[in-house]
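**Q** I have a structure I would like to understand better, so I am pasting it below and will then ask my questions one at a time.
2 protein chains.
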Amino acid sequence: MTTKELKGQVIAVLANDREDTLETLPTDRLILTLEGITTDRHRGQTMRANSRQPFYERGTTILNTRQVSLVSMEELGFIQKALGIDYLVAGWLGANISVVNIPHFSLLPIGARLFFSSGTVLLNMGYNPPCTGPGEIIQRYFPDVPANRFPKVAHLKRGIVAMVERAGEIARGDTVRVLLPTQPPYPPEG
Amino acid sequence: MTTKELKGQVIAVLANDREDTLETLPTDRLILTLEGITTDRHRGQTMRANSRQPFYERGTTILNTRQVSLVSMEELGFIQKALGIDYLVAGWLGANISVVNIPHFSLLPIGARLFFSSGTVLLNMGYNPPCTGPGEIIQRYFPDVPANRFPKVAHLKRGIVAMVERAGEIARGDTVRVLLPTQPPYPPEG
Chain S
1 MTTKELKGQV
11 IAVLANDRED
21 TLETLPTDRL
31 ILTLEGITTD
41 RHRGQTMRAN
51 SRQPFYERGT
61 TILNTRQVSL
71 VSMEELGFIQ
81 KALGIDYLVA
91 GWLGANISVV
101 NIPHFSLLPI
111 GARLFFSSGT
121 VLLNMGYNPP
131 CTGPGEIIQR
141 YFPDVPANRF
151 PKVAHLKRGI
161 VAMVERAGEI
171 ARGDTVRVLL
181 PTQPPYPPEG
Chain W
1001 MTTKELKGQV
1011 IAVLANDRED
1021 TLETLPTDRL
1031 ILTLEGITTD
1041 RHRGQTMRAN
1051 SRQPFYERGT
1061 TILNTRQVSL
1071 VSMEELGFIQ
1081 KALGIDYLVA
1091 GWLGANISVV
1101 NIPHFSLLPI
1111 GARLFFSSGT
1121 VLLNMGYNPP
1131 CTGPGEIIQR
1141 YFPDVPANRF
1151 PKVAHLKRGI
1161 VAMVERAGEI
1171 ARGDTVRVLL
1181 PTQPPYPPEG
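As structure tokens, this is what we get:
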């Protein structure tokens, strides 16, 4: 019920405008409209449903609630350790923004708002269910790690997806403040 | 953590395209695009922040997360009783859709999906904080009930606001199935 504040910092911003890979590459700043990141292939008011939305027929046009992908460095560290690899790059997960200092980042409630110091505001649409795509990229660097291990160890550690609530820019080094929603639990307690 | 299903029914659909009142009027069916109800003044990709979004400067252009207003007949009955009035009309609250049989409707978690039998899908964006507007309409019919009593008794009983995730129609008599999100609690338990 309480409105709790959390503060973190942006370590990197990344984007990818190519259709043939999910890998994002670091850049200086992102420009965000209400449809997403101008230089990223996930921009758009709509998207096509896929295996992440099993309640829709594949290919159905639906609202794009996966405009921006965010990860936390602490959770990437956890995944790296669990995979037993020497390093892990946010871009291999297709992340657009990596942050530090927000505990249990992937568990932030749906509806949490992320206020960036540049003025942009993102609305958390929930944890990002991991698929094998990042595992395939990881395997290119660490051939001993099967691609299907990533979804197993990254569950609830693979960050969140967000919509843009207020347009603007986001840059490396920005601070980010998280405002939790006041929605009570369902069903109500007691 | 579990994905629980709930089923209800649409009692009425309502809309209002006038700027000078919040009152909605019953109609046969609503047509919904990804920007909201075509015949309702709350349609649009964007809205201006007001007192409901105290974390934005008033007038800031933000994503319209309040496209559709839904209420439950059971909660309207609670409000009616609490106000001590003989009847209460969903349109006085500016509701677009009234439903039955979904317990604790206003507490449905943000991110819950409402699947209507016509194919339209709405995404719950949270409970609707009550203001005095409906209280003023109620007072026209029941002069003894001060307008400011409505926000007091209607807190967490005034329904939810939603975005359109899948476009389509919604009609009187449709069934509605609610799918709760799988997002775990934050912070994690234990």
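Sequence order for the protein chains is S and W. For the first sequence, counting from 1, position 79 maps to 79 in the numbering used here; every step adds exactly one. For the numbering used here, count along the second sequence from 1 and bump the result up by 1000. All C-beta atoms in this analysis are idealised placements derived from N, C-alpha and C, irrespective of residue type, glycine included.
Does any residue of chain S have a CB that is nearer than 7 angstroms to the CB of L1107/W?
**A** Stepping through the second sequence from its first residue, residue 1107/W is reached at position 107. Closer than 7 angstroms to some Cβ of chain S, the Cβ of L1107/W qualifies, so yes.
**Q** Verify the CB distance criterion: does T1003/W have a CB-CB separation below 7 angstroms to chain S?
**A** Translated into the one-based positions of the second sequence, residue 1003/W becomes position 3. Because the pLDDT of T1003/W is 45, which lies under 50, any placement of that residue in the model is unreliable, and the number read from its coordinates should be weighed accordingly. Chain S, which has no Cβ nearer than 7 angstroms to the Cβ of T1003/W, makes this no.
**Q** Along the chain, where does the beta strand (DSSP E) that runs through Y1127/W open and close?
**A** Translated into positions along the second sequence, residue 1127/W becomes position 127. From DSSP, the beta strand (DSSP E) with Y1127/W extends over V1121 to Y1127.
**Q** On the criterion of 16 or more Cβ atoms from any shown chain inside 10 Å, does D40/S qualify as buried, or is it exposed?
**A** Locating residue 40/S in the first sequence gives position 40, counting from the first residue. Classification of D40/S: buried, given that the 10 Å Cβ count is 16 or more.
**Q** With distance defined between alpha-carbon atoms, name the residue in G1168/W, P1129/W, E1169/W and A1167/W nearest to K1152/W.
**A** Indexing the second sequence from 1 puts residue 1152/W at position 152. Here the closest residue by C-alpha is P1129/W.
**Q** Can we say the stretch 60-69 of chain S touches the stretch 1158-1170 of chain W, given the rule of at least three CB pairs closer than 8 angstroms?
**A** Counting Cβ pairs under 8 angstroms, three or more are found: they touch.
**Q** With distances taken from CA atoms, which of L114/S, E189/S, N16/S and P54/S is nearest L93/S?
**A** Locating residue 93/S in the first sequence gives position 93, counting from the first residue. Ranking the options by Cα distance to L93/S, first place goes to N16/S.
**Q** Using Cβ-Cβ distances below 9 angstroms, what residues of the stretch 1032-1048 of chain W are close to chain S?
**A** Hits within the stretch, in order: L1034, E1035, Q1045 and T1046.
**Q** Taking only runs that begin and end inside the stretch 1070-1111 of chain W, name each unbroken beta strand (DSSP E) of 3 or more residues, in chain order.
**A** You should have 1097-1100.
**Q** In angstroms with no decimal places, state the Cα-to-Cα distance between F1142/W and P1026/W.
**A** The count along the second sequence starts at 1 and reaches residue 1142/W at position 142. The count along the second sequence starts at 1 and reaches residue 1026/W at position 26. So the alpha carbons of these two residues sit roughly 21 angstroms apart.
**Q** Taking C-beta pairs closer than 7 angstroms, name the residues in chain W that T60/S reaches, listed in chain order.
**A** In the first sequence, residue 60/S corresponds to position 60, counting from 1. Within chain W, the residues near T60/S are R1166.
**Q** Between L22/S and the rest of its own chain, which residues show a CB-CB distance below 6 angstroms, the 5 nearest in sequence each way excluded?
**A** As a first step, residue 22/S is located in the first sequence; it is residue number 22 there, counting from the start. If we look at L22/S and ignore the five residues flanking it on each side, its Cβ neighbours are G94 and G133.
**Q** Given that G1126/W touches chain S, what residues does it touch there, using C-beta distances under 7 angstroms?
**A** The residue you call residue 1126/W lines up with position 126 of the second sequence. Simply G111, P181 and Q183.
**Q** Nearest-angstrom Cα distance between L14/S and L1083/W?
**A** For this step, residue 14/S is matched to residue 14 along the first sequence. For this step, residue 1083/W is matched to residue 83 along the second sequence. Using only the alpha carbons, I get a separation of about 54 angstroms.
**Q** Give a yes or no on whether 7 angstroms exceeds the smallest Cβ distance from L1006/W to chain S.
**A** Mapped onto the second sequence, residue 1006/W falls at position 6. By this cut-off, L1006/W is not an interface position.
**Q** DSSP three-state call for F1115/W: helix, strand or coil?
**A** Against the second sequence, residue 1115/W aligns to sequence position 115. It is a strand residue.
**Q** Would F1150/W be called buried (16 or more neighbouring beta carbons within 10 Å of its own) or exposed?
**A** Here residue 1150/W is taken as the residue at index 150 of the second sequence, counted from 1. Buried is the call here.
**Q** Could you round the C-beta distance between N110/S and M125/S to whole angstroms and report it? I think they count as a contact, below 8 angstroms.
**A** As a first step, residue 110/S must be located in the first sequence, where it is residue number 110. As a first step, residue 125/S must be located in the first sequence, where it is residue number 125. Looking at the sequence shown, residue 110/S is not Asn but Ile. Rounded, the Cβ-Cβ distance is 6 angstroms, consistent with contact.
**Q** Applying a beta-carbon distance threshold of less than 8 angstroms, which residues of chain S neighbour L1063/W?
**A** For the purposes of this step, residue 1063/W is identified with residue 63 of the second sequence, where counting begins at 1. Within chain S, the residues near L1063/W are L34, L123, M163, V164, E165 and R166.
**Q** Let me make sure I understand the geometry here. Which of R48/S, F105/S, R29/S and N96/S has the alpha-carbon closest to that of G159/S?
**A** Sequence index remark: in the first sequence, residue 159/S carries index 159 (1-based). Minimum Cα distance to G159/S is reached at F105/S.
**Q** State yes or no: is the C-beta of L107/S within less than 7 angstroms of the C-beta of A162/S?
**A** As a working mapping, residue 107/S is identified with position 107 in the first sequence. As a working mapping, residue 162/S is identified with position 162 in the first sequence. It is not a contact, given that the beta carbons lie outside the stated cut-off.
**Q** Please tell me whether A12/S and A112/S are closer than 7 angstroms, where the distance is taken between their beta carbons.
**A** Stepping through the first sequence from its first residue, residue 12/S is reached at position 12. Stepping through the first sequence from its first residue, residue 112/S is reached at position 112. Going by C-beta atoms, A12/S is not nearer than 7 angstroms to A112/S.
**Q** So F55/S contacts chain W; which residues on that side make the cut at Cβ distance below 9 angstroms?
**A** Within the first sequence, numbered from 1, the residue matching residue 55/S stands at position 55. Result: R1113, F1115, V1121 and L1179.
**Q** Of the residues I1097/W, I1079/W, H1042/W and L1179/W, which one's Cα is nearest the Cα of D1020/W?
**A** The residue given as residue 1020/W occupies position 20 in the second sequence. The shortest C-alpha separation from D1020/W is found at H1042/W.
**Q** Pick out the complete beta strand (DSSP E) segments inside the stretch 1020-1046 of chain W, 3 residues or longer, and give them in chain order.
**A** Listed in chain order, they are 1025-1027 and 1029-1033.
**Q** Under the assumption that L1156/W contacts Y1186/W (Cβ atoms under 8 angstroms), give the Cβ distance between them as a whole number of angstroms.
**A** By 1-based counting over the second sequence, the position of residue 1156/W is 156. By 1-based counting over the second sequence, the position of residue 1186/W is 186. Not really, about 20 angstroms apart at Cβ, beyond 8 angstroms.
**Q** Buried or exposed for D1144/W, going by 16 or more other Cβ atoms inside 10 Å?
**A** Counting from 1 along the second sequence, the entry for residue 1144/W is found at position 144. Its Cβ having fewer than 16 others within 10 Å, D1144/W is exposed.
**Q** State yes or no: is the beta carbon of P130/S nearer than 7 angstroms to at least one beta carbon in chain W?
**A** On the first sequence, position 130 is the one that residue 130/S refers to. Output row for P130/S: interface = no.
**Q** Taking C-alpha atoms, which residue in D174/S, M73/S and I138/S lies nearest to F115/S?
**A** What you label residue 115/S is simply residue 115 of the first sequence in a count that begins at 1. That would be D174/S, whose Cα lies nearest to the Cα of F115/S.
**Q** With a cut-off of 7 angstroms, does the C-beta of P187/S fall near any C-beta of chain W?
**A** Counting from 1 along the first sequence, the entry for residue 187/S is found at position 187. Closer than 7 angstroms to some Cβ of chain W, the Cβ of P187/S qualifies, so yes.
**Q** From S118/S to P181/S, what does the alpha carbon distance come to, in whole angstroms?
**A** By 1-based counting over the first sequence, the position of residue 118/S is 118. By 1-based counting over the first sequence, the position of residue 181/S is 181. The alpha-carbon atoms of S118/S and P181/S are separated by roughly 21 angstroms.
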